[in-house]
Amino acid sequence: LDRIVEQGLSADYVLRETKRAVAGGGPRVKIWPGIDIDIPTGPAEKKTQPEDVYQAVRAAFQGGAHGVLLSRKYSEMKLANIRAAGRAVRELKPG
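Per our numbering, residue 11 is the first one in the sequence shown, and the count goes up by one each step.
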């Protein structure tokens with residue numbers, strides 16, 4: 011946790027926590043993890059990159075999520091990061 015401001019939360023973290031939430035919620039609870047995109051940070055802090063978003067969205071669905079919520083404020087999100095989320099969803103779409 012002491013490096014979270016420099017590194018952010020990993021896709022592995024999203025995967026683990028999504029799996030935990032799905033298991034804890036049971037079959038009647040829908041799990042929609044929030045993926046933070048372009049949260050304002052200081053100069054030496056982690057900046058969201060498209061690959062971060064792509065991997066986090068993929069991890070959420072791999073963990074059993076029923077959907078994802080792209081968080082904070084749409085007008086603050088860079089289009090490249092939103093596109094990365096869309097790319098992940100399209101790649102996971104069946105057939």
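Cβ atoms here follow ideal geometry from the backbone N, Cα and C, with glycine treated the same way.
Inset, instruction - Can you tell me the Cβ-Cβ gap for W42 and L79, rounded? I've got them flagged as a contact below 8 Å. - result: 5 Å
Legend entry - Reduced DSSP category for S81 - H, G, I as helix; E, B as strand; rest coil: strand
Inset, instruction - Can you grab the Cα-Cα spacing for the pair R68 / R38, in whole Å? - result: Distance between the alpha carbons of R68 and R38: 22 Å.
Inset, instruction - Select from Q65, D62, Q17 and R97 the residue whose C-alpha is nearest the C-alpha of P53. - result: Q17
Inset, instruction - Buried or exposed for D62, please, with buried defined as at least 16 other CB atoms from any protein chain shown within 10 angstroms of its CB. - result: buried
Legend entry - Where G44 sits in the DSSP three-state scheme: strand
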